[in-house]
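Asker: Pasting in a structure now, in structure tokens, and then I'll have a few things to ask.
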Amino acid sequence: MKHGLKITSLLVTTFITSIFCAVPIVTAIDARTFNPGNIIDDVNFTNTNTMTVGQIQSFLESKMPNCDINGVEKAGGGSSSLTNRQWIERRYGIGPPYRCLRDYRENPETSQNNYGKINTPAGALSAAELIHMYSLRFGINPQVLIVTLQKENGMITDNIPVPRQYQQAMGFGCPDHVAPGQPACDPKYNSLSNQLYQAARHFRGYMERQQGWYVPYVVGNNTILYNPNASCGSSNVFIQNGATAALYSYTPYQPNQSALNAQYGQGDACGAYGNRNFYLYFNDWFGSTQSPPSRTWSMLDQGQAISGSNNRTNTITMTPGSTTTLYIKAKNTGNQVWYNGNTTLATSRPENRPSAYANTSWPGTNRPAQLLEPRVKPGETGTFMFSITAPNNFTKSREYFNIVHEGIAWENDIGLYFDISVTTPKDNSYNARIISNKLYHDPALTKPLGFADGRVRTGQTIYGELVFQNTGGATMTNSVVKLGTFSPVDRPSAFRSELWLSSTRIASLIESSVKPTEIGHMRFSFTAPAPGWYNETFALVAEGITWMPSTSMSYRMEVTPNYSSNMISGQAIATGTQIMSKNLKYRLIIQPDGNMVLYSNSNPIWHTHTAGAAGPTLVMQSDGNLVLYATGTKPVWNSQTVTGQHSMLQLQEDGNLVMYASGNIPRWSTNTSGR
Numbered sequence: 001m002k003h004g005l006k007i008t009s010l011l012v013t014t015f016i017t018s019i020f021c022a023v024p025i026v027t028a029i030d031a032r033t034f035n036p037g038n039i040i041d042d043v044n045f046t047n048t049n050t051m052t053v054g055q056i057q058s059f060l061e062s063k064m065p066n067c068d069i070n071g072v073e074k075a076g077g078g079s080s081s082l083t084n085r086q087w088i089e090r091r092y093g094i095g096p097p098y099r100c101l102r103d104y105r106e107n108p109e110t111s112q113n114n115y116g117k118i119n120t121p122a123g124a125l126s127a128a129e130l131i132h133m134y135s136l137r138f139g140i141n142p143q144v145l146i147v148t149l150q151k152e153n154g155m156i157t158d159n160i161p162v163p164r165q166y167q168q169a170m171g172f173g174c175p176d177h178v179a180p181g182q183p184a185c186d187p188k189y190n191s192l193s194n195q196l197y198q199a200a201r202h203f204r205g206y207m208e209r210q211q212g213w214y215v216p217y218v219v220g221n222n223t224i225l226y227n228p229n230a231s232c233g234s235s236n237v238f239i240q241n242g243a244t245a246a247l248y249s250y251t252p253y254q255p256n257q258s259a260l261n262a263q264y265g266q267g268d269a270c271g272a273y274g275n276r277n278f279y280l281y282f283n284d285w286f287g288s289t290q291s292p293p294s295r296t297w298s299m300l301d302q303g304q305a306i307s308g309s310n311n312r313t314n315t316i317t318m319t320p321g322s323t324t325t326l327y328i329k330a331k332n333t334g335n336q337v338w339y340n341g342n343t344t345l346a347t348s349r350p351e352n353r354p355s356a357y358a359n360t361s362w363p364g365t366n367r368p369a370q371l372l373e374p375r376v377k378p379g380e381t382g383t384f385m386f387s388i389t390a391p392n393n394f395t396k397s398r399e400y401f402n403i404v405h406e407g408i409a410w411e412n413d414i415g416l417y418f419d420i421s422v423t424t425p426k427d428n429s430y431n432a433r434i435i436s437n438k439l440y441h442d443p444a445l446t447k448p449l450g451f452a453d454g455r456v457r458t459g460q461t462i463y464g465e466l467v468f469q470n471t472g473g474a475t476m477t478n479s480v481v482k483l484g485t486f487s488p489v490d491r492p493s494a495f496r497s498e499l500w501l502s503s504t505r506i507a508s509l510i511e512s513s514v515k516p517t518e519i520g521h522m523r524f525s526f527t528a529p530a531p532g533w534y535n536e537t538f539a540l541v542a543e544g545i546t547w548m549p550s551t552s553m554s555y556r557m558e559v560t561p562n563y564s565s566n567m568i569s570g571q572a573i574a575t576g577t578q579i580m581s582k583n584l585k586y587r588l589i590i591q592p593d594g595n596m597v598l599y600s601n602s603n604p605i606w607h608t609h610t611a612g613a614a615g616p617t618l619v620m621q622s623d624g625n626l627v628l629y630a631t632g633t634k635p636v637w638n639s640q641t642v643t644g645q646h647s648m649l650q651l652q653e654d655g656n657l658v659m660y661a662s663g664n665i666p667r668w669s670t671n672t673s674g675r
């Protein structure tokens, strides 16, 4: 029953037959052979060819040859003072004829029926026709529907069913727990045709795990209660097939040992009987719920998945430590459905051997992959896709695989294999290892650039040399291998100099060719753009083939205005102006607060102690004196170097600010060399 089948199906059968007509049950199957993981197999559950309409009708008649149509027999199997007619008229207000299932007719569109009526409604079908119709519509064995009618409401063997039994014939819409004051069963399903339709539809939907449906039990491990009362406990059940999963999704309990020991009878207070009774009735009426399994398959395709396409082959070549993806397409030629919850590809010859090619993507060292499709019916094709990782040594081996249904059985071994060779193939790859990457002030590469502070001046051109080793398998040529802009690739760079090949290509190989393991060289230049911070990345590229990310070189550069490093006689600089050493490490700044400060990077190393002087201007006078004037002509600091000669102020790369007279004679300095 949807959302929980009434455990009282135990005793709807018992109750109804005890009131009207007790039908003795002679059991041939022992309930203790009940297998909770495989109540019925998929083949039996879905075989719609087991019975014709005529055979169903004959079966119903054989199970109830003596229907009490007029209700003349004593109710309760003779134990009541009332006749069946008196009991039904008092309870339902309906007179004869009372229709057993064999005689019942119902219009599936209107639910009009012949219960308590002499005439049959237009469009009505027999119970046998309804069973057969819904069996075919949803692909469910009519015997499954017949057994469900019996285990839910005792319909098959009841000689005088009451209206409620037809309305709730399959127990659908009758949950175990309902809110106080609400009906035990949903009245919108109150007809035999509606009950058969919903039960068959849900059996199929549960089995197929219909998209959008809530399916509480699936193939694989499940926790299943013994009783609606959770205190009665539960156990783990490995459900082996979709049919059994459908039965539990419809009737969500398993029998405990007392229920199994009781056969068709009642066990202890924690017993549940729906699935037990299904098993017993099916076996006793129609034979085993298990078909002799045929587990066979054939290989339709196997190979290697490369760059999104499949390459059909069973010969695989790999390098040590490399990984590749394989696939197998298998046709189910047996009679059992495959489910991805328990169907895996396994190592074989011998079975379950650990594979040297297993990796962390495998479920186990002898289980490469699970079935990709949710289910594969007989005649359909299943797919296994898995990766293998080669060992770190040269080897050749033949790897055998087979399909196994975990905890159930292996498929027939057809000898599927891959021949795998781990070797060193011809290497046509491009790659390199950077040995050195140096920058210089001059194109002759004689004056290394101190680039620790990452600062260059606008318009300044710096020069570089890249030295690398060819670590790939291909010979590099200067027509193919270039140094290009990277991250992102082919990005126009603001640092392009007149020596670049293009806006995205900086340089090519100096050598005409560089063979594997040989050393290659490239020389290049950058010209600094407008002031600001820049992130620049370059890498080697084999044009039209591949980039070599391992060779990427990144620079974070600050481009500063192109300040002078000196002042000449007669020159003046105002507030906010600065003099900068050629190596860009030292700056002399006329600050707005009136102080003149010499900085090493961002650290002050000398100043004039003139903070507070308004509108300062620094003048290199023609008399050789360096004077800092406040607003107007008020001197606030001077170098006291009046010589009568023209002089020059120089901010040196060692950090010393020096005044030189004619003849390059030092006259004054800040004594800050090396600070």
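All residue numbers for the sequence shown refer to our numbering, where the first residue is 1 and numbers rise by one. Just so it is clear, CB atoms sit at the ideal spot from N, CA and C, and this is done for glycine as well.
As an exercise, report each continuous beta strand (DSSP E) stretch of at least 3 residues that is fully enclosed by the region 482-541, in chain order.
Answerer: Qualifying beta strand (DSSP E) stretches, in chain order: 505-508 and 519-527.
Asker: Between which two residues does the alpha helix (DSSP H) harbouring D284 extend?
Answerer: Segment G274 to F286, the alpha helix (DSSP H) holding D284.
Asker: Can you look up H202 in the DSSP assignment and give me helix, strand or coil?
Answerer: H202: helix per DSSP, three-state reduction.
Asker: Count the other CB atoms within 10 Å of the CB of S135; is the residue buried (16 or more) or exposed (fewer)?
Answerer: With 16 or more other Cβ atoms within 10 Å, it is buried.
Asker: Determine the direct distance from the alpha carbon of A259 to that of G265, and round the result to whole angstroms.
Answerer: Those two C-alpha atoms are separated by around 7 Å.
Asker: Quick check on the DSSP output: the alpha helix (DSSP H) that includes E543 runs from which residue to which?
Answerer: Neither: E543 is in no alpha helix (DSSP H) and is coded neither H nor E.
Asker: DSSP state of E558, grouped into three classes?
Answerer: DSSP places E558 in strand when its eight states are reduced to three.
Asker: Can we say the region 236-248 touches the region 111-128, given the rule of at least three CB pairs closer than 8 Å?
Answerer: Taking 8 Å as the limit for Cβ pairs, the verdict is that the region 111-128 does not touch the region 236-248.
Asker: What are the boundary residues of the beta strand (DSSP E) that F34 is part of?
Answerer: Looking at the DSSP string, F34 is not in any beta strand (DSSP E), and its letter there is neither H nor E.
Asker: Going by C-alpha to C-alpha distance, which of S309, D413 and L618 sits closest to S298?
Answerer: Among S309, D413 and L618, the Cα nearest to that of S298 is on D413.
Asker: According to DSSP, simplified to helix, strand and coil, what is W338?
Answerer: If DSSP states are grouped into helix, strand and coil, W338 belongs with the strands.
Asker: Return the chain-ordered list of same chain residues with a C-beta closer than 7 Å to the C-beta of V489, the five sequence neighbours on each side being excluded.
Answerer: Contacts found: W547.
Asker: Cβ of V337 within 9 Å of Cβ of G181?
Answerer: Contact: no.
Asker: By the three-class DSSP mapping on this structure, what secondary structure does G415 have?
Answerer: DSSP places G415 in coil when its eight states are reduced to three.
Asker: Taking the alpha-carbon of I403 as reference, which of T395, G415 and K396 has the nearest alpha-carbon?
Answerer: Here the closest residue by C-alpha is G415.
Asker: Comparing alpha-carbon positions, which option in K634, N275 and P187 lies nearest T33?
Answerer: Nearest C-alpha to T33: N275.
Asker: Find the nearest neighbour of A269 within the set C67, P228 and L280, judged by alpha-carbon distance.
Answerer: Of the candidates C67, P228 and L280, the one whose C-alpha sits nearest the C-alpha of A269 is P228.
Asker: Compare the Cα-Cα distances from T577 to each of K438, N562 and P350 and report the closest residue.
Answerer: The shortest C-alpha separation from T577 is found at N562.
Asker: Looking only at its chain, what residues have a beta carbon closer than 8 Å to the beta carbon of E208, apart from the 5 residues adjacent to it on each side?
Answerer: Same-chain partners within the cutoff: G242 and R375.
Asker: Given 8 Å as the limit, is there contact between the region 333-350 and the region 202-222, that is, 3 or more CB pairs closer than that?
Answerer: Flag = yes, the region 333-350 and the region 202-222 touch.
Asker: Of the residues F278, D68 and L651, which one's Cα is nearest the Cα of P96?
Answerer: Measuring from the Cα of P96, the nearest candidate turns out to be D68.
Asker: In terms of residue numbering, what span does the beta strand (DSSP E) encompassing Y92 cover?
Answerer: No beta strand (DSSP E) holds Y92; the alpha helix (DSSP H) holding it covers N84 to Y92.
Asker: Using the C-alpha atoms, what's the distance from L628 back to W590?
Answerer: It should be pointed out that residue 590 corresponds to Ile in this sequence rather than to Trp. Roughly 9 Å separates the two Cα atoms.
Asker: Going by Cα to Cα distance, which pick from G615, G287, I510 and A661 is closest to T575?
Answerer: Nearest of G615, G287, I510 and A661 to T575, Cα basis: G615.
Asker: Would a C-beta distance cut-off of 9 Å place S565 and Q652 closer than the cut-off?
Answerer: Yes.
Asker: What distance in whole Å lies between the Cβ atoms of T244 and I408, which are believed to be in contact at a cut-off of 8 Å?
Answerer: Not a contact, Cβ separation roughly 12 Å.
Asker: What residue range is occupied by the uninterrupted beta strand (DSSP E) comprising N153?
Answerer: That residue, N153, is in no beta strand (DSSP E); its alpha helix (DSSP H) goes P142 to N153.
Asker: Any beta carbon of chain D sitting closer than 9 Å to that of S80?
Answerer: Of the protein chains in the structure, only one exists, and it is not chain D.
Asker: Going by the DSSP bridge assignment, what does Q304 pair with across the sheet?
Answerer: Per DSSP, N311 and L326.
Asker: What residue from L196, T48 and P36 has the CA that sits closest to S226's CA?
Answerer: First, the residue type needs correcting, since residue 226 is Tyr and not Ser in the sequence shown. Among L196, T48 and P36, the Cα nearest to that of Y226 is on P36.
Asker: With a 10 Å radius around its C-beta and 16 neighbouring C-beta atoms as the bar for buried, classify Q211 as buried or exposed.
Answerer: Q211 is exposed by the Cβ-count criterion.
Asker: Using only alpha-carbon positions, find the residue among L300, A542 and R85 that is nearest to N332.
Answerer: The candidate whose alpha carbon is nearest that of N332 is L300.
Asker: Look up T670 in the DSSP assignment and say whether it is helix, strand or coil.
Answerer: Note: T670 maps to coil in three-state DSSP.
Asker: Using only the alpha-carbon positions, how far apart do M580 and V456 sit?
Answerer: When rounded, the distance between both Cα atoms is 11 Å.
Asker: Alpha carbon to alpha carbon, what distance is there between F45 and I25?
Answerer: Since pLDDT at I25 reaches only 46, below the 50 mark, its modelled position is unreliable, and the value read off the structure follows with that caveat. Their backbone Cα atoms lie some 23 Å apart in a straight line.
Asker: Within its chain, find whatever has a CB closer than 7 Å to the CB of V619; leave out the 5 residues flanking it on each side and keep chain order.
Answerer: So the qualifying residues of the chain are A572, V627 and Y629.
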